[in-house]
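Notes for the one structure printed next.
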Amino acid sequence: VRLKYKGPLDNTVQAILGGVRSACSYVGAKTLKDLPKCTTFIRVTQTTNEVFTTFENN
444 VRLKYKGPLD NTVQAILGGV RSACSYVGAK TLKDLPKCTT FIRVTQTTNE
494 VFTTFENN
């Protein structure tokens with residue numbers, strides 16, 4: 444994904460790191476290397492998102 448950016452990235456990087464820390468904590472991964480061992484990654488497409496949005500709105 445390419446995004447136009449301007450200015451410092453500190454806040455953005457800190458937010459991403461916080462999300463990764465939270466994900467590791469949630470699945471019980473003690474290190475980043477353990478993350479793939481503790482979870483199954485699923486690629487989500489726009490179509491998948493639209494299907495779930497339909498159910499959420501009803």
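For the sequence shown, counting from 1, position 19 maps to 462 in my numbering; every step adds exactly one. In this text, a Cβ means the ideal position worked out from N, Cα and C, and glycines have one as well. Just so we're clear, the structure is a prediction, and the values are computed from it rather than from any experiment.
Collapsed DSSP secondary structure at residue i in the structure displayed
{"i": "P451", "result": "coil"}
{"i": "L446", "result": "coil"}
{"i": "K480", "result": "helix"}
Rounded separation between residue i and residue j - CA only
{"i": "D477", "j": "R445", "result": "28 Å"}
{"i": "N474", "j": "L460", "result": "Residue 474 is actually Thr in this sequence, not Asn. So the alpha carbons of these two residues sit roughly 13 Å apart."}
{"i": "A458", "j": "Y448", "result": "15 Å"}
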